[in-house]
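S.K.: For the protein sequence lines, the chains are A and B, in the order given. Just so we're aligned: 27 in this note's numbering is position 27 of the first sequence, and the numbers increase by one with no gaps anywhere. If you want this note's numbering, it's the position in the second sequence, counting the first as 1, plus 340. A virtual CB, placed ideally from N, CA and C, is assigned to each residue, including glycine. This structure is a prediction, so every number in the text was calculated from the model and none was measured. Take a look at the following structure, please.
2 protein chains.
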Amino acid sequence: MKNNKVSLAEVAKAAGVSKMTASRVLRDEGGFSESTRDKVMAQVERLGYLPNRLATVFAGDKKSTFVGVSIPDLGNEVFGMVLEGIDRKLGAFSHQSVLGLTQHALDQEESWIETVLSWQPAGLILTGRSHTPKSLVMLKGAGVPVVEIWDLNSSPIDLCVGVNHFDSGYDMGRYLTGLGYRKLGYVGTSHDTANAATARMNGFTKAVQDADGQVTRHLCLHDVPGFYPGYYGTEQLLSSGAEIEAIFYQNDNMAVGGIHYCAARNLSVPGDIAIAGWGDLPILSILPYRVTTVHVSHLKLGQVAAEVLLASLDGTPTQDVHDIGFRLVPGATTGQVGRI
Amino acid sequence: MKNNKVSLAEVAKAAGVSKMTASRVLRDEGGFSESTRDKVMAQVERLGYLPNRLATVFAGDKKSTFVGVSIPDLGNEVFGMVLEGIDRKLGAFSHQSVLGLTQHALDQEESWIETVLSWQPAGLILTGRSHTPKSLVMLKGAGVPVVEIWDLNSSPIDLCVGVNHFDSGYDMGRYLTGLGYRKLGYVGTSHDTANAATARMNGFTKAVQDADGQVTRHLCLHDVPGFYPGYYGTEQLLSSGAEIEAIFYQNDNMAVGGIHYCAARNLSVPGDIAIAGWGDLPILSILPYRVTTVHVSHLKLGQVAAEVLLASLDGTPTQDVHDIGFRLVPGATTGQVGRI
DNA sequence: AGATATTGAGTTACCCGTAACGTCCGCCTA
DNA sequence: TAGGCGGACGTTACGGGTAACTCAATATCT
Chain A
1 MKNNKVSLAE VAKAAGVSKM TASRVLRDEG GFSESTRDKV MAQVERLGYL PNRLATVFAG
61 DKKSTFVGVS IPDLGNEVFG MVLEGIDRKL GAFSHQSVLG LTQHALDQEE SWIETVLSWQ
121 PAGLILTGRS HTPKSLVMLK GAGVPVVEIW DLNSSPIDLC VGVNHFDSGY DMGRYLTGLG
181 YRKLGYVGTS HDTANAATAR MNGFTKAVQD ADGQVTRHLC LHDVPGFYPG YYGTEQLLSS
241 GAEIEAIFYQ NDNMAVGGIH YCAARNLSVP GDIAIAGWGD LPILSILPYR VTTVHVSHLK
301 LGQVAAEVLL ASLDGTPTQD VHDIGFRLVP GATTGQVGRI
Chain B
341 MKNNKVSLAE VAKAAGVSKM TASRVLRDEG GFSESTRDKV MAQVERLGYL PNRLATVFAG
401 DKKSTFVGVS IPDLGNEVFG MVLEGIDRKL GAFSHQSVLG LTQHALDQEE SWIETVLSWQ
461 PAGLILTGRS HTPKSLVMLK GAGVPVVEIW DLNSSPIDLC VGVNHFDSGY DMGRYLTGLG
521 YRKLGYVGTS HDTANAATAR MNGFTKAVQD ADGQVTRHLC LHDVPGFYPG YYGTEQLLSS
581 GAEIEAIFYQ NDNMAVGGIH YCAARNLSVP GDIAIAGWGD LPILSILPYR VTTVHVSHLK
641 LGQVAAEVLL ASLDGTPTQD VHDIGFRLVP GATTGQVGRI
């Protein structure tokens, strides 16, 4: 457990050359003979030398190949897929993700930002568009690219890759009202991703109001947007007395919960209640029919975020804001009103 | 984008003290007066000084606070929860996860290990017990604690935190045969987590054979263990001609796929086919009844892995192998044979 | 042959903190 | 008043690499 790390100096001495020459060989910088290379490489092999990249960053006053990635949580596949997209892309370009789980708390994000910046990262990828004032100061002074993901943000700190959540909600509202529904429900949580989910809800509400319909909302307090909240959220919404023809859920997990509630109560979908989700999550594949939802490629979102960051590091100019887009997927869980 | 980083020397100069004094103040090491502290802190504030931890590691010939964490994938919640457990615990002790997605490939793990070691991590957490020979050499020579997770490994490289997958499969086999089933099926994938899932299957098979029963296996080739493979894997197993009374699945996602297949074919569960899964995954909460499964706390597994690593860094002696344990959860999807 | 490139390798300084040690000065004690 | 002592701060020397420069030996050209 001793620090028996082999240093470049030791390799050089063993090979009978100077540190600098060994350094040149290892970086394949040129300016050395074949025989020197062989001598050095032989010692590298023999001693099991592993370079110390901290020293390299330090020496060159360079950036590291770390990228700080803040993610709210990994409790469902959503941000797992985003992170997978990020890390796969970064890995392909020899960069590493340094993770920060913020648990949806801005002050946790702040202290994580401070720590991660002290390691001289090459860049940062942050989920969400809200940050504490101190975070903003640090981020702006850091001198490294910052990509804000998930929410589309027309005036990002630096760069932004995301989805227009408001529009996706609006489109769903227009779709459902287009099918004839006017008495709509919305079931979500008051939990998190708050900005994005709230934007969807607002977009949805706007579209429905534009079509002279109305939306009854039910937010499950302090809960993660999973199956169970979807189940009992539906129960509570329907037993609130409001007349509801169709429900838009915060995400597909909740929508599946709603579908199961309807099945348990012998409510036909979409005959009695039409159901729409969001995200096109893997869960939907358990059902033998398509659920109306909004498709978003979480993996791609992560990949593009990493690409944009790498491009910025590379000096390649790119647009500041990247809209990943979404696609409304009509399914069997919503139908024409009056035709079952 | 220039390197306008403020150094300790600049802070010190601005405050009219030496670097060393400023350093002492910042580390609250003592040996300075109140007025000196105030002068220094005022400049820290004014200049927005952020320490450079690279230099700190470097100066003290210390370890960093990075912990390399290799994870096969984040496509489902399983490893997402494990990673969440790890990162939350590490974060609470001021350490950071440097992620490595291996995509179940040992050579990817190898090159990631090489890279991450070059950053002088405090330790490593690796999923799985198989590593390439070169990986083993590097890990043993690294001089940092290494925790292998997921599979229980009686002779780990250094430390191990996991579940006894064989035993959990064996227990399920004994449970099902105890209920009277003798014609068993197993549905899994040939994909990954291979070691662990295979161990479960082997344990299951052993228990069934010990009870004079038999197991018909069906492995879906090259597929992730999700709902859909569970669905069609069940179809293929049942249409293979083998008589099957009960099926044990690689995990709950696949088991839910199997349940949906049975529902689609009007097969009663457990009347016609009993079903058992593994993992006690969130998906199960969509069903209004309990599914027979094996409960494993993925979050806890991650937390314990991080704790063990931190304890090792701390010099606190711990046992080398930690068994997280599992708990067979009887549910409504398996019943007494002959009684529906 | 002498002048000028080219190649191969060594020297020095530096990156930014910190450990270890050194210095100065005021205060207390005998 | 000399001597001892400790608090407050400064100086120096790293640590593992790299940029920039220097220098010697060989190759090339006129």
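By Cβ distance, which residues of its chain are closer than 7 Å to Pro610 of chain B, with the 5 residues on each side in sequence left out?
M.R.: Hits under 7 Å: Thr673, Thr674 and Gly675.
S.K.: Out of A:Gly173, A:Gly226, A:Val78 and A:Tyr289, point me to the one whose CA is closest to Tyr568 of chain B's CA.
M.R.: Measuring from the Cα of Tyr568 of chain B, the nearest candidate turns out to be A:Tyr289.
S.K.: Within its chain, find whatever has a CB closer than 7 Å to the CB of Ala651 of chain B; leave out the 5 residues flanking it on each side and keep chain order.
M.R.: The residues are Thr658.
S.K.: Can you confirm whether Ala354 of chain B, when its beta carbon is compared against all beta carbons of chain A, has any partner nearer than 8 Å?
M.R.: Ala354 of chain B does not count as touching chain A.
S.K.: Kindly indicate which residue of A:Ile324, A:Ile247 and A:Gln303 has the alpha-carbon position closest to the one of Val291 of chain A.
M.R.: The option with the nearest alpha carbon to Val291 of chain A is A:Ile247.
S.K.: Is the Cβ of Asn3 of chain A closer than 8 Å to any Cβ of chain B?
M.R.: Note that Asn3 of chain A scores 48 on pLDDT, short of 50, meaning its location in the model is unreliable; the coordinates nonetheless yield the value given after this. Taking Cβ atoms only, chain B reaches closer than 8 Å to Asn3 of chain A, which makes this a yes.
S.K.: Apply the 10 Å Cβ neighbour rule to Val296 of chain A and answer buried if 16 or more other Cβ atoms are within range, or exposed otherwise.
M.R.: Counting Cβ neighbours within 10 Å, Val296 of chain A comes out buried, since at least 16 surround it.
S.K.: Counting only the same chain and skipping the five closest in sequence on each side, list residues whose C-beta sits under 7 Å from that of Thr472 of chain B.
M.R.: Correct list, in chain order: Leu446, Asp447 and Glu450.
S.K.: Taking a Cβ distance cut-off of 7 Å, strictly less, list which residues of the segment 159-177 of chain A are near chain B, in chain order.
M.R.: Taking 7 Å as the Cβ-Cβ cut-off against chain B, none of the residues of the segment 159-177 of chain A qualify.
S.K.: Check whether the Cβ of Thr333 of chain A lies closer than 8 Å to any Cβ atom in chain B.
M.R.: With 8 Å as the cut-off, Thr333 of chain A does not count as an interface residue toward chain B.
S.K.: Listing by chain order, which chain A residues have their CB less than 7 Å from the CB of Glu691 of chain B?
M.R.: Coverage of chain B is limited to positions 341 through 680, which leaves residue 691 of chain B absent and any answer about it impossible.
S.K.: Given that Tyr568 of chain B touches chain A, what residues does it touch there, using C-beta distances under 7 Å?
M.R.: Within 7 Å Cβ-Cβ: Ser285.
S.K.: When we look at the beta-carbon of Arg679 of chain B and count the other beta-carbons within 10 Å, is it buried (16 or more) or exposed?
M.R.: Unreliable placement is indicated for Arg679 of chain B, whose pLDDT of 48 sits below 50; the coordinate value is still reported in the next sentence. Per the 10 Å Cβ criterion, exposed.
S.K.: Apart from the five residues just before and just after Pro622 of chain B, which ones in its own chain have a Cβ nearer than 7 Å to its Cβ?
M.R.: Glu417.
S.K.: Can you confirm whether Arg605 of chain B, when its beta carbon is compared against all beta carbons of chain A, has any partner nearer than 8 Å?
M.R.: No, its Cβ sits nowhere closer than 8 Å to a Cβ of chain A.
S.K.: Taking Met541 of chain B as the query, report the chain A residues whose CB atoms sit under 9 Å from its CB, ordered along the chain.
M.R.: The contacting residues do not exist; Met541 of chain B stays about 23 Å from chain A at best.
S.K.: Should His600 of chain B be flagged as near chain A, meaning a C-beta pair shorter than 8 Å?
M.R.: Cβ-Cβ to chain A under 8 Å: yes for His600 of chain B.
S.K.: Which residues in chain A have a C-beta closer than 9 Å to the C-beta of Phe398 of chain B? List them in chain order.
M.R.: Neighbours of Phe398 of chain B on chain A, chain order: Asn52, Leu54, Ala55 and Phe58.
S.K.: Taking the straight line between their C-alpha atoms, what separation do you get for Gly463 of chain B and Leu519 of chain B?
M.R.: Roughly 46 Å between the two C-alpha positions.
S.K.: Taking only beta-carbon positions, decide if Met81 of chain A is within less than 8 Å of chain B.
M.R.: So yes, Met81 of chain A belongs to the interface.
S.K.: Would you kindly report the start and end of the unbroken beta strand (DSSP E) that includes Val596 of chain B?
M.R.: Element bounds for Val596 of chain B: not the beta strand (DSSP E) but the alpha helix (DSSP H), Asp592 to Ala604.
S.K.: By how many angstroms is the C-alpha of Asn606 of chain B removed from the C-alpha of Ala582 of chain B?
M.R.: Cα-Cα distance, rounded: 19 Å.
S.K.: Could you work out which residue in B:Leu479, B:Ala399 and B:Met360 is closest to Tyr49 of chain A when comparing CA atoms only?
M.R.: Closest by alpha carbon: B:Leu479.
S.K.: Following the continuous alpha helix (DSSP H) through Ser373 of chain B, name the residue where it begins and the one where it ends.
M.R.: It is not in any alpha helix (DSSP H) - Ser373 of chain B carries neither H nor E in the DSSP assignment.
S.K.: List, in chain order, every chain A residue whose beta-carbon is nearer than 8 Å to that of Arg428 of chain B.
M.R.: Ordered by position in chain A, the residues that pass the 8 Å Cβ test against Arg428 of chain B are Leu101 and Gln103.
S.K.: In the DSSP assignment, find the alpha helix (DSSP H) that holds Lys402 of chain B and state where it starts and stops.
M.R.: Premise fails: Lys402 of chain B is in no alpha helix (DSSP H) and is neither H nor E.
S.K.: Answer with yes or no whether the minimum CB distance from Glu77 of chain A to chain B is below 8 Å.
M.R.: Cβ-Cβ to chain B under 8 Å: yes for Glu77 of chain A.
S.K.: Ser35 of chain A to Gly60 of chain A, Cα distance in whole Å?
M.R.: Cα to Cα, Ser35 of chain A sits roughly 28 Å from Gly60 of chain A.
S.K.: Label His322 of chain A either buried or exposed according to how many other C-beta atoms from any shown protein chain fall within 10 Å of its C-beta, with 16 as the threshold for buried.
M.R.: Buried.
S.K.: In the structure shown, what three-state DSSP assignment does Tyr572 of chain B receive?
M.R.: Note: Tyr572 of chain B maps to helix in three-state DSSP.
S.K.: When the distance is taken between beta carbons, is Val147 of chain A closer than 8 Å to Cys160 of chain A?
M.R.: In this structure, Val147 of chain A lies closer than 8 Å to Cys160 of chain A by Cβ.
S.K.: Please decide whether Glu45 of chain A counts as near chain B, where near means a Cβ-Cβ distance under 8 Å.
M.R.: Not one chain B Cβ lies under 8 Å of Glu45 of chain A.
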